[in-house]
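Numbering (our numbering), first residue to last: 306 to 623.
We put the beta carbon where it would ideally sit given N, CA and C, even for glycine.
Report on one structure; see the data block that follows.
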């Protein structure tokens, strides 16, 4: 089935609006202090999903509260209405949509950062350092590898999959994009055939990035690919076993809002579904059914259920 020549709108502005950083002490202005800051996240957004998983891995539910936002931005300009006062307080007459994610400072009522990589680094380096069970998501000497994985996920998974499913693009361009995607998946498959995580035997921030990209590949980008392409993508058993294993981890799967991801995608993308939409690679719902919370109840990760709690829908795929 052909698709319309359109793509999804990026989840964040291309240039972050706020780039404040958390420091180690009071001399740095924004310094780490329990319950001073708040994260504002929409779990249907891949950037927010990365932050939510990292937040849970670091065990920050007590010292860094999280406010959940609707899956589909509800502001008239395409932003989140609940975030508009924060943006206005931080930048008078802020002209752009009030986008998530946001790290805000409850002491000043202003935004610290909207830049996902900075937020992730600051969470890992300045919060929860006294927990002996806390994973070293940015081990010394791995910074370049983690940054490279982030680049590969953005350009050779997310963008390549999007381009491979864009009907308005030249057939040769679509084929080149698919080939690039499959080559990278093949390289990752080779790594995961011999090690537990993408950089070795310990989980790092690179695993969070890759897992979120695999979620997007199966729940969003697959919808605009033909069935043959999806079968080729699915033909990496070690890679998808890795994705399935992480989905079963209490810091990963409970954050998956499958219905919200679908609603966000359909609200932002005008393209028609291709045959690959019927070829789901993983049954993600199997791994998250026990992690959802009813309104007002606390989930295992410390997030509170609300009117924006997870909505699960049955899936017939394995």
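1. Kindly list the residues whose CB is nearer than 6 Å to the CB of residue 465, restricted to its own chain and excluding five residues on each side of it in sequence; keep chain order.
2. From the DSSP output, in three-state form, read off residue 416 for me.
3. Quick one: measure Cβ to Cβ for residue 470 and residue 529, integer angstroms, because I've assumed they're closer than 8 Å.
4. With distances taken Cα to Cα, identify the nearest neighbour of residue 412 among 510, 448, 367, 395.
5. Short of 6 Å in beta carbon distance, which residues of its chain neighbour residue 307, apart from the five on each side in sequence? Order them along the chain.
6. Quick one: grab the DSSP three-state call for residue 336.
7. With 16 other CB atoms within 10 Å as the buried threshold, where does residue 547 fall?
8. Going by DSSP, which residues form a beta bridge with residue 409?
9. On the three-state DSSP scale, how would you describe residue 498?
10. Quick check: the Cα distance between residue 550 and residue 500, rounded to an integer number of angstroms?
11. Could you check what DSSP says for residue 325 in three-state terms: helix, strand or coil?
12. Looking only at its own chain, which residues have a Cβ that is under 6 Å from the Cβ of residue 379, when we skip the five neighbours before and after it?
13. Whole-angstrom Cβ separation of residue 419 and residue 404, contact assumed at under 8 Å?
14. For the candidate residues 368, 581, 406, 400, whose alpha-carbon lies nearest to that of residue 375?
15. Excluding the 5 residues preceding and the 5 following residue 414 in the sequence, name in chain order all residues of the same chain whose CB lies nearer than 7 Å to its CB.
16. Using the three-state DSSP reduction, which class does residue 373 fall into: helix, strand or coil?
17. Taking just the CA atoms, how far does residue 384 sit from residue 670?
18. Can you give the Cα-Cα distance for residue 371 and residue 477, rounded to whole angstroms?
19. Give me the residue from 467, 509, 497 with the minimum Cα distance to residue 535.
20. Alpha helix (DSSP H) containing residue 451: first to last residue?
21. Any contact between the stretch 348 to 358 and the stretch 321 to 329? By contact I mean 3 or more CB pairs, one from each, below 8 Å.
22. Looking at the structure shown, is residue 607 part of a helix, part of a strand, or coil, going by DSSP?
23. Sorry if obvious, but does the Cβ on residue 473 come closer than 6 Å to a heavy atom of the ligand ADP?
24. Does the distance from the C-beta atom of residue 451 to that of residue 357 stay below 7 Å?
25. If we count the other Cβ atoms within 10 Å of its Cβ and call it buried at 16 or more, is residue 367 buried or exposed?
26. Look up residue 565 in the DSSP assignment and say whether it is helix, strand or coil.
27. Residue 531 lies in the alpha helix (DSSP H); which residues open and close that run?
28. With a threshold of 7 Å on Cβ separation, who are the neighbours of residue 625 within its own chain once the five nearest residues in sequence on each side are excluded?
29. Look up residue 558 in the DSSP assignment and say whether it is helix, strand or coil.
Here's the rundown:
1. If you number the chain shown from 1, residue 465 lands on position 160. Once the five neighbours on either side are set aside, the close Cβ partners of residue 465 are 482, 485, 486.
2. On the chain shown, residue 416 is found 111 positions in, with the first residue counted as 1. It is a strand residue.
3. Here the question's residue 470 lines up with position 165 in the chain shown. Here the question's residue 529 lines up with position 224 in the chain shown. Right, the Cβ-Cβ distance comes to about 3 Å (below 8 Å), so this counts as a contact.
4. For this step, residue 412 is matched to residue 107 along the chain shown. If we check each option's Cα against that of residue 412, 395 comes out closest.
5. Position 2 of the chain shown holds residue 307. Residue placement at residue 307 cannot be trusted, given a pLDDT of 40 that sits under 50; the coordinates are not used to answer.
6. As a position in the chain shown, residue 336 is number 31, starting the count at 1. The answer is strand: DSSP assigns residue 336 an E or B state.
7. For the purposes of this step, residue 547 is identified with residue 242 of the chain shown, where counting begins at 1. Answer is buried; the Cβ neighbour count reaches 16.
8. As a position in the chain shown, residue 409 is number 104, starting the count at 1. DSSP lists 343, 416 as partners of residue 409.
9. In the chain shown, the residue the question calls residue 498 occupies position 193. Of the three classes helix, strand and coil, the one that applies to residue 498 here is coil, per DSSP.
10. In the chain shown, the residue the question calls residue 550 occupies position 245. In the chain shown, the residue the question calls residue 500 occupies position 195. Each residue's Cα considered, the two are about 13 Å apart.
11. Here residue 325 refers to the residue found at position 20 of the chain shown. Coil at residue 325, not helix or strand.
12. As a working mapping, residue 379 is identified with position 74 in the chain shown. Excluding residues within five positions, the ones whose Cβ falls inside 6 Å are 386.
13. The residue labelled residue 419 in the question sits at position 114 within the chain shown. The residue labelled residue 404 in the question sits at position 99 within the chain shown. Residue 419 to residue 404, Cβ: 7 Å. Contact.
14. The residue labelled residue 375 in the question sits at position 70 within the chain shown. The option with the nearest alpha carbon to residue 375 is 406.
15. Position 109 of the chain shown, counted from the start, is the residue given in the question as residue 414. These residues qualify, in order along the chain: 394.
16. In the chain shown, residue 373 corresponds to position 68, counting from 1. Reduced to three states, the DSSP call for residue 373 is strand.
17. Residue coverage of the chain in this structure runs from 306 to 623, which leaves residue 670 outside it and unanswerable.
18. Your numbering for residue 371 matches position 66 in the chain shown. Your numbering for residue 477 matches position 172 in the chain shown. So the two alpha carbons sit approximately 44 Å from each other.
19. Locating residue 535 in the chain shown gives position 230, counting from the first residue. The option with the nearest alpha carbon to residue 535 is 467.
20. For this step, residue 451 is matched to residue 146 along the chain shown. Residue 451 -> alpha helix (DSSP H) spans 448 to 457.
21. no
22. Start at 1 with the first residue of the chain shown, and residue 607 comes out as number 302. Below a pLDDT of 50, predicted positions are generally treated as unreliable, and residue 607, at 47, falls in that range; no measurement from the model is reported.
23. Absent from the structure shown: the ligand ADP. Ligands present: none.
24. Taking the first residue of the chain shown as 1, we reach residue 451 at position 146. Taking the first residue of the chain shown as 1, we reach residue 357 at position 52. Going by C-beta atoms, residue 451 is not nearer than 7 Å to residue 357.
25. As a first step, residue 367 is located in the chain shown; it is residue number 62 there, counting from the start. Exposed is the call here.
26. Counted from its first residue, the chain shown places residue 565 at position 260. It is helical.
27. Residue 531 sits at position 226 when you count from the first residue of the chain shown. Here residue 531 belongs to no alpha helix (DSSP H), and DSSP marks it neither H nor E.
28. Outside the modelled stretch of the chain, which goes from 306 to 623, sits residue 625, for which no answer is possible.
29. As a working note, residue 558 is residue 253 in the chain shown. Three-state result, residue 558: helix.
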